[in-house]
Ligand code: ADP
Ligand code: TYD
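In my numbering, the protein residues as written are 3 to 222.
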């Protein structure tokens, strides 16, 4: 069997507004990499640690008042624990780590959405992430209209976006578009395409990155 090994861990972030198809793409990528024998971890922010689950509940349900500044710091606290408990250990084990949201969500939602200081957010992100940056960021770009339509159809719990004001979402979209405009580590994907097509393009781009950087070799 053709087994691939990585020369180091790889961090992939999936970003975009709620309903853009992040979870769908992240799941498909995890499945295909696992099939190809790449050790892969699928994770997400906020919420994929014991502390994160409590923070996510607080952020979603707001059982007590949470001001905007505190909200940002809760996302940052979630990220800090996420790196220590999940991301850094998996990277040390030379795995592919796929995270459904990461630091750029704070820049887009809290920075551009809430108009908080971008350099402060960038500095805190850097600190809680131990100076580790995603190797590749997949940005699923989609219209607010399509995302809202999909969320209405999605089974299960309604997303927080359904309660958010359209004006806020527009700011977040503008934020993502601005952040990702000139970043060489970002792959911009047209979210209106089928989930299969998105997966195919994202997968091909990641494999090309690994080959270009000589980050994997065949295990006999
Ligand atoms: P997110 O994680 O960004 O909120 P999801 O992956 O949960 O988005 O997708 C939101 C909804 O849209 C789900 O019902 C999902 O099945 C559907 N969906 C995801 N990707 C696509 C796509 N490319 N085309 C059409 N529908 C999609
Ligand atoms: P998520 O579970 O990814 O929602 P969805 O699957 O619907 O896209 O994220 C929950 C919410 O958290 C989402 O509305 C975006 C928000 N968020 C921030 O505002 N800042 C952050 O730093 C992160 C990670 C998420």
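From the three backbone atoms N, C-alpha and C, an ideal C-beta is built for every residue, glycine too.
- Looking at 97, 114, 36 and 191, the one whose alpha-carbon comes closest to that of residue 172 is 114.
- Relative to the Cα of residue 133, the nearest Cα in the group 146, 178, 13 and 74 belongs to 13.
- In this structure, residue 156 has its CB closer than 6 Å to one or more heavy atoms of ligand 1.
- Chain order is used for the residues whose beta-carbon lies nearer than 5 Å to a heavy atom of ligand 1, namely 20, 21, 22, 23, 24, 25, 26, 152, 156 and 197.
- Distance check between residue 78 and each of 139, 178 and 106 places 106 closest, using alpha-carbon atoms only.
- Residue 175 and residue 8 have their alpha carbons spaced roughly 34 Å apart.
- Counting along the chain, no beta strand (DSSP E) covers residue 51, and no H or E run does either.
- With respect to the 7 Å criterion, residue 206 and residue 140 are not classified as neighbours on the basis of their beta carbons.
- With a beta-carbon spacing of about 6 Å, residue 109 and residue 123 fall inside the 8 Å limit used to define contacts.
- Taking the Cα of residue 183 as reference, the smallest distance to any Cα among 148, 142 and 151 is reached at 142.
- If you check the CB distance, residue 33 and residue 57 do not come in under 7 Å.
- By the C-beta criterion, the segment 24 to 41 is judged not to be in contact with the segment 58 to 67, since fewer than 3 inter-stretch pairs fall below 8 Å.
- Excluding the 5 residues flanking it on each side, residue 185 has same chain C-beta neighbours closer than 8 Å at 139, in chain order.
- Counting only residues of its own chain and dropping the five nearest sequence neighbours on each side, residue 88 has a CB closer than 8 Å to the CB of 43, 45, 50, 51 and 99.
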